[in-house]
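The numbering of the sequence shown is the working numbering, which starts it at -5 and goes up by one.
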Amino acid sequence: MGTKSSNKYLQKASRAKFDDFYTQLADIERELSHYKDHFKDKIVFCNCDDPKISNFFHYFSYNFEFLGLKKLITTCYKNQQVDLFSQNNSEKAIYLEYTGDKNRNKVPDLYEIGIKHLKGDGDFRSKECIELLRQADIVVTNPPFSLFREYVAQLIDYDKKFVIIGSLNAITYKEIFKLIKDNKLWLGYGFKGGNAYFKTPHPKEFAEGVYNKETGLVKFRNVTWFTNLEIQKRHEDLIFYKTYKGNEKDYPKYDNYDAINIDKTKDIPADYAGTMGVPISFLEKYNPDQFEIIKFRKGDDDKDLAINGKYTYFRIIIKNKKINKQ
Ligand SMILES: C[S@@+](CC[C@H](N)C(=O)[O-])C[C@H]1O[C@@H](n2cnc3c(N)ncnc32)[C@H](O)[C@@H]1O
């Protein structure tokens, strides 16, 4: 194999590695327990979900009545196997429509699930999948990470509500940060202890320690939930115990921006009215009634924020709105 083709293989493998892993039911239940009221009479669309393996389909079909859903639509990308739901073994994909438990046996039976064929491969960007998206009120899934920017841009373009999983790195993408700054996207509750475990069909792609042979799960520390649905935690004021006054030396100013640096969210001074640089993890606690997000990472010179000539880790510049009002 020449270098070019082996590179191609590696690229393909690395794309698959980050695009194919399956969310556990317990994680979906934990996150969605905070959103119950949003689902009443709504059409939910899971558009990156093979119903054979997707726990999103499982969760919404089994909780259809509990949530009071109107319809569940699930599209399956490149369904290639003969399986329970489909006789289709081509590149063509299927989609399912479920409108509830007709025979009241508390199980979504096969005959209650409408299986329909798509003309294409079920790509979320395809015309027919966009038609389904138009119908939907809320999109819930774990989309392919390699297409996250495009995936979110499409949801915003079609003005959809969503609860989706993505990498925390996405916060640093220009387009995604802008949405966060403009309060069009925020972080959900996240995975238990910040550890996200997924099933993978590509165990060999992962180093030992990341993939656990016993559980068959890969572990990620940098994955979370993103949403634009209102959630309680977004309206809870953070309470701080440290003050700037008397502790000035703990809060150095940047060389290239008029703000103080803060290494841990809990150390934000309760009495500081000016601009402050905080770590990205601040967004897990961000309450837009309490704080304003001003900018990301760069100083006035458009270079990374620095203290005494040394660049800091990524920082988000914020301001406490409540202090300014006094
Ligand atoms: C991270 S996996 C998650 C699967 C499932 N949503 C879950 O959480 O268990 C992403 C899925 O998106 C599918 N996918 C990849 N590219 C896609 C595309 N362009 N359109 C729709 N689905 C895609 C992959 O086949 C993969 O199953």
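Note that CB positions come from ideal geometry on N, CA and C, so glycine has one too.
**Asked** Mind checking whether the beta-carbon of LEU141 lies closer than 7 Å to any heavy atom of ligand 1?
**Response** Position 147 of the sequence shown holds residue 141. Remark: the shortest separation between the CB of LEU141 and any heavy atom of ligand 1 falls under 7 Å.
**Request:** Return the CA-CA distance between PHE285 and MET270, expressed in angstroms with no decimal places.
**Result:** By one-based count along the sequence shown, residue 285 stands at place 291. By one-based count along the sequence shown, residue 270 stands at place 276. Going by the C-alpha atoms only, they are around 11 Å apart.
**Request:** Measure the C-alpha to C-alpha separation of GLY160 and LYS110 and round it to an integer number of angstroms.
**Result:** For the purposes of this step, residue 160 is taken as residue 166 along the sequence shown, with counting starting at 1. For the purposes of this step, residue 110 is taken as residue 116 along the sequence shown, with counting starting at 1. Each residue's Cα considered, the two are about 28 Å apart.
**Cβ neighbours of ASN163 in the same chain (closer than 7 Å, five flanking residues each side left out)** = Against the sequence shown, residue 163 aligns to sequence position 169. Spatial neighbours of ASN163 in its own chain (CB-CB distance under 7 Å, excluding positions within 5 residues in sequence) are listed in chain order as ASN216.
**Prompt:** With a CB to CB cut of under 6 Å and the five nearest residues on each side skipped, what residues in its chain are close to ILE277?
**Reply:** Along the sequence shown, one-based indexing puts residue 277 at 283. Contrary to the premise, residue 277 reads as Leu rather than Ile in this sequence. Once the five neighbours on either side are set aside, the close Cβ partners of LEU277 are LEU181.
**Item:** PRO282 CB to nearest heavy atom of ligand 1 below 7 Å
**Value:** Along the sequence shown, one-based indexing puts residue 282 at 288. Because no heavy atom of ligand 1 lies under 7 Å away, the Cβ of PRO282 does not count as near it: no.
**Asked** In the DSSP assignment, what residue or residues form a beta bridge with SER120?
**Response** For the purposes of this step, residue 120 is identified with residue 126 of the sequence shown, where counting begins at 1. Answer by DSSP bridge pairing: none, since SER120 is not bridged.
**Request:** With DSSP as the reference, label GLY108 as helix, strand or coil.
**Result:** Working through the sequence shown from its first residue, we reach residue 108 at position 114. It is a strand residue.
**Asked** From what residue to what residue does the beta strand (DSSP E) around LEU66 run?
**Response** To locate residue 66, count along the sequence shown from 1; it is residue 72. Where LEU66 is concerned, the enclosing beta strand (DSSP E) stretches over 65 to 69.
**Request:** Spell out the partners DSSP gives ASN314 in its beta bridges.
**Result:** Translated into the one-based positions of the sequence shown, residue 314 becomes position 320. PHE285.
**Request:** Can you give me the Cβ contacts of ILE165 inside the same chain, cut-off strictly under 7 Å, excluding the 5 residues immediately before and after it?
**Result:** For the purposes of this step, residue 165 is taken as residue 171 along the sequence shown, with counting starting at 1. Once the five neighbours on either side are set aside, the close Cβ partners of ILE165 are PHE171, ILE174, ILE274, LEU277.
**Request:** State the Cα-Cα distance for the pair ASN206 and VAL212, rounded to the nearest angstrom.
**Result:** Reading the sequence shown from its first residue, position 212 is the one you call residue 206. Reading the sequence shown from its first residue, position 218 is the one you call residue 212. Approximately 6 Å, taken between the alpha carbons.
**Meets three-Cβ-pair contact criterion under 8 Å: the stretch 59 to 70 and the stretch 38 to 51** = yes
**Message:** Between ASN49 and ligand 1, is there a pair consisting of the residue's CB and a ligand heavy atom that are separated by less than 7 Å?
**Reply:** On the sequence shown, position 55 is the one that residue 49 refers to. Result yes, Cβ under 7 Å from ligand 1.
**Item:** For TYR145 and PHE118, believed in contact at Cβ under 8 Å, the rounded distance
**Value:** In the sequence shown, the residue the question calls residue 118 occupies position 124. In the sequence shown, the residue the question calls residue 145 occupies position 151. About 7 Å; that satisfies the 8 Å criterion.
**Message:** Any beta carbon from chain B within less than 8 Å of LYS65's own beta carbon?
**Reply:** Here there is only one protein chain, and chain B is not present.
**Request:** For the stretch 10 to 67, list the alpha helix (DSSP H) runs that are entirely contained and at least 4 residues long, ordered along the chain.
**Result:** 19 to 26, 49 to 56, 58 to 61
**Request:** Give the straight-line distance between the Cα atoms of LYS154 and HIS28, rounded to the nearest whole angstrom.
**Result:** On the sequence shown, residue 154 is found 160 positions in, with the first residue counted as 1. On the sequence shown, residue 28 is found 34 positions in, with the first residue counted as 1. Rounded to the nearest angstrom, the two C-alpha atoms are 19 Å apart.
**Asked** Should ASN222 be listed as close to ligand 1, given that the test is whether its C-beta is under 7 Å from any heavy atom?
**Response** By 1-based counting over the sequence shown, the position of residue 222 is 228. Of the heavy atoms belonging to ligand 1, none sits nearer than 7 Å to the Cβ of ASN222.
**Message:** If you reduce the DSSP assignment to three classes, tell me which class THR209 lands in.
**Reply:** Here residue 209 is taken as the residue at index 215 of the sequence shown, counted from 1. Reduced to three states, the DSSP call for THR209 is coil.
**Asked** For the beta strand (DSSP E) that contains LEU90, what are its first and last residues?
**Response** Here the question's residue 90 lines up with position 96 in the sequence shown. Its beta strand (DSSP E) spans residues 88 to 92.
**Asked** When DSSP labels each residue in this structure, what does LEU149 get in the three-state scheme?
**Response** Here residue 149 corresponds to residue number 155 of the sequence shown, with the count starting at 1. In this structure, LEU149 counts as helix in the three-state DSSP scheme.
**Asked** Are there 16 or more other CB atoms within 10 angstroms of the CB of GLN148, so buried, or fewer, so exposed?
**Response** Counted from its first residue, the sequence shown places residue 148 at position 154. Buried, because 16 or more other Cβ atoms sit within 10 Å of the Cβ of GLN148.
**Item:** Beta-bridge partners of TYR305, as assigned by DSSP
**Value:** Your numbering for residue 305 matches position 311 in the sequence shown. Per DSSP, ALA300.
**Asked** If you compare alpha carbons, which of ALA264, PHE60, TYR56 is closest to LYS34?
**Response** By 1-based counting over the sequence shown, the position of residue 34 is 40. For LYS34, the closest of ALA264, PHE60, TYR56 by C-alpha to C-alpha distance is PHE60.
**Asked** Out of curiosity, what's the CA-to-CA distance linking ASP261 and TRP219?
**Response** On the sequence shown, residue 261 is found 267 positions in, with the first residue counted as 1. On the sequence shown, residue 219 is found 225 positions in, with the first residue counted as 1. Cα-Cα distance, rounded: 25 Å.
**Request:** Compute the beta-carbon to beta-carbon distance between LYS64 and ILE132, rounded to the nearest angstrom, for a pair I have assumed lies under 8 Å.
**Result:** As a working note, residue 64 is residue 70 in the sequence shown. As a working note, residue 132 is residue 138 in the sequence shown. Incorrect: roughly 11 Å between the Cβ atoms, too far for contact.
**Asked** What's the gap between the Cα of TYR183 and the Cα of GLU25?
**Response** Here residue 183 corresponds to residue number 189 of the sequence shown, with the count starting at 1. Here residue 25 corresponds to residue number 31 of the sequence shown, with the count starting at 1. TYR183 and GLU25 have their C-alpha atoms spaced approximately 6 Å apart.
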